[in-house]
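Undergrad:
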Amino acid sequence: MGERNMKSLNYLRFIKFTAVILPLLLSTAVVSVGQKVTRSEAEVTILVTAMPHDDKSRAVAGRLESSDFAVFENKQKQKIVSVKNADDSPIVFAVLVQDNLIGGVNNQLPEIRDFIRGLPKGSKAIVGYVGTGSLQVRQNFTTDLNKAADSLRIVTGSPFSEPYSPYLHVVDALKLFTNQPSDERRMLLLISDGLDDTFGFRLSSPLYSVYLDNAVRTAQHNRVAVFTIYASSTTTRRRSRMAYNYGQGSLLRLSDETGGQALFSGIDFVSFDPYFREYRNLLKDQWLITYESATTGKGFRRIDVQTDFDIDLQFPDGYYPD
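Residue 239 in our numbering sits at position 253 of the sequence shown, and the numbers go up by one each step.
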């Protein structure tokens, strides 16, 4: 075979190599890099609250141990790193009060103050008001719970204090949790009419509120469980019964999807006392669970927490990764 033919044959062999072998090598490299980029294995901490409905389930909640929990992301079981019960975890707590609520809310200030003062030892509290303009922080995060409680003031009860959207202020408050310890229970209590009619009353349904969507997503991202109490306002008093339904439905969605609880009875309240009794009981049946997320991709990661015992557990629906 001549030298020229030999060179042609070697050239053809090289072409075959690059056409067949090289793509395989490149695809392997791409998969390897892709796994490095999208694989998480980051530690995620969530607050889990038991919702006992009778004496039997309350007894069950009191006996739950760390080994009784299983955490899933997108139906895949995750590795639990630690489980802290309520006794081992102080609370980072925010209280937001809507400023244009009816004057009867002012009679409930002693109940709110007592609840703040009764938070577990080592807890921090922040107090803010939801009204016109930006979030009004009356007291920033402090371990002096008496100081935080004393910063509460009466609501104006004026239509001129109506917020553009209560959920814009909720997002502002949620962002303040960023620099707080992740190994403590993060909770926010919103006392509001829940109504967001920024884009017109027809779009104030909990299904359509853009600002409510953002508040839910921010709370999930910052691992904050939002608890809510409904109270009517100068706005809802001017509207039809549908306004109450939209407001309460929005508060219910905010709490349910972030791992909290919404409390209301009818279209108004008599006293906040039964609400805070309920919340005090819930604080005793909480666990802070940290697990390693092995989920890949940037999509929503749906969370499920299970136990073999017959008891309802409340936890965030999920989160979007960073």
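Where is the CB? At the ideal position from N, CA and C, for every residue including glycine.
If you run the structure through DSSP and keep just helix, strand and coil, what is residue 180?
TA: It is coil, neither helix nor strand.
Undergrad: Between the Cα of residue 178 and the Cα atoms of 248, 165, 167, which residue gives the shortest distance?
TA: Ranking 248, 165, 167 by Cα distance to residue 178 puts 248 first.
Undergrad: Report the CB separation of residue 180 from residue 147 in whole angstroms; it is logged as a contact under 8 Å.
TA: So it is not a contact: roughly 16 Å between Cβ atoms.
Undergrad: Leaving out the 5 sequence neighbours to the left and right, which residues in its chain are closer than 7 Å to residue 184 when beta-carbon positions are compared?
TA: Within the same chain, residue 184 has close Cβ partners 150, 151, 197.
Undergrad: Let me check one thing: in DSSP terms, what residues is residue 302 bridge-paired to?
TA: In DSSP, residue 302 forms a bridge with 244.
Undergrad: Can the beta-carbon of residue 214 be found less than 8 Å from the beta-carbon of residue 237?
TA: Yes, these two residues count as a Cβ contact at 8 Å.
Undergrad: Just list the beta strand (DSSP E) runs in the stretch 119 to 200, keeping only unbroken ones of 3 residues or longer that don't cross its boundaries, in chain order.
TA: Correct list: 122 to 128, 171 to 178.
Undergrad: Report the three-state DSSP secondary structure of residue 98 (helix, strand or coil).
TA: In this structure, residue 98 counts as helix in the three-state DSSP scheme.
Undergrad: Would you mind stating whether residue 245 and residue 31 have Cβ atoms separated by less than 8 Å?
TA: Going by C-beta atoms, residue 245 is not nearer than 8 Å to residue 31.
Undergrad: Quick one: which unbroken alpha helix (DSSP H) runs of 4-plus residues sit fully inside the stretch 217 to 281? Chain order, please.
TA: Counting whole runs of 4 or more residues, the stretch 217 to 281 contains the alpha helix (DSSP H) stretches 220 to 224, 227 to 244, 259 to 270.
Undergrad: Which of the three DSSP states, helix, strand or coil, is assigned to residue 61?
TA: Coil at residue 61, not helix or strand.
Undergrad: Taking the alpha helix (DSSP H) that residue 283 belongs to, which residues open and close that run?
TA: Unbroken run through residue 283: none, as it is neither H nor E.
Undergrad: Would you tell me roughly how many angstroms separate the C-alpha atoms of residue 290 and residue 205, rounded to the nearest one?
TA: Approximately 17 Å, taken between the alpha carbons.
Undergrad: Which residues share a DSSP beta bridge with residue 114?
TA: BP columns for residue 114 point to 82, 123.
Undergrad: With H, G and I counted as helix, E and B as strand and the rest as coil, what does DSSP make of residue 209?
TA: The answer is coil: DSSP assigns residue 209 none of H, G, I, E or B.
Undergrad: Quick one: what does DSSP say residue 68 is sitting in, helix, strand or coil?
TA: Three-state result, residue 68: strand.
Undergrad: Is it true that the CB of residue 78 sits closer than 8 Å to the CB of residue 163?
TA: A contact, by the Cβ cut-off of 8 Å.
Undergrad: Going by beta-carbon coordinates alone, are residue 192 and residue 230 separated by less than 8 Å?
TA: Cβ distance not < 8 Å, so residue 192 and residue 230 don't count as in contact.
Undergrad: Taking the straight line between their C-alpha atoms, what separation do you get for residue 90 and residue 257?
TA: Whole-angstrom Cα-Cα distance: 9 Å.
Undergrad: Are the CB atoms of residue 103 and residue 131 within a distance shorter than 8 Å?
TA: Yes, these two residues count as a Cβ contact at 8 Å.
Undergrad: Residues in the same chain with beta-carbon distance under 7 Å from residue 99, minus the five sequence neighbours each way, listed in chain order, please.
TA: Contacts found: 135, 138.
Undergrad: To the nearest angstrom, report how far apart residue 307 and residue 144 are at their CA atoms.
TA: Cα to Cα, residue 307 sits roughly 40 Å from residue 144.
Undergrad: Please classify residue 302 as buried or exposed, where buried requires at least 16 other C-beta atoms within 10 Å of its C-beta.
TA: Answer is buried; the Cβ neighbour count reaches 16.
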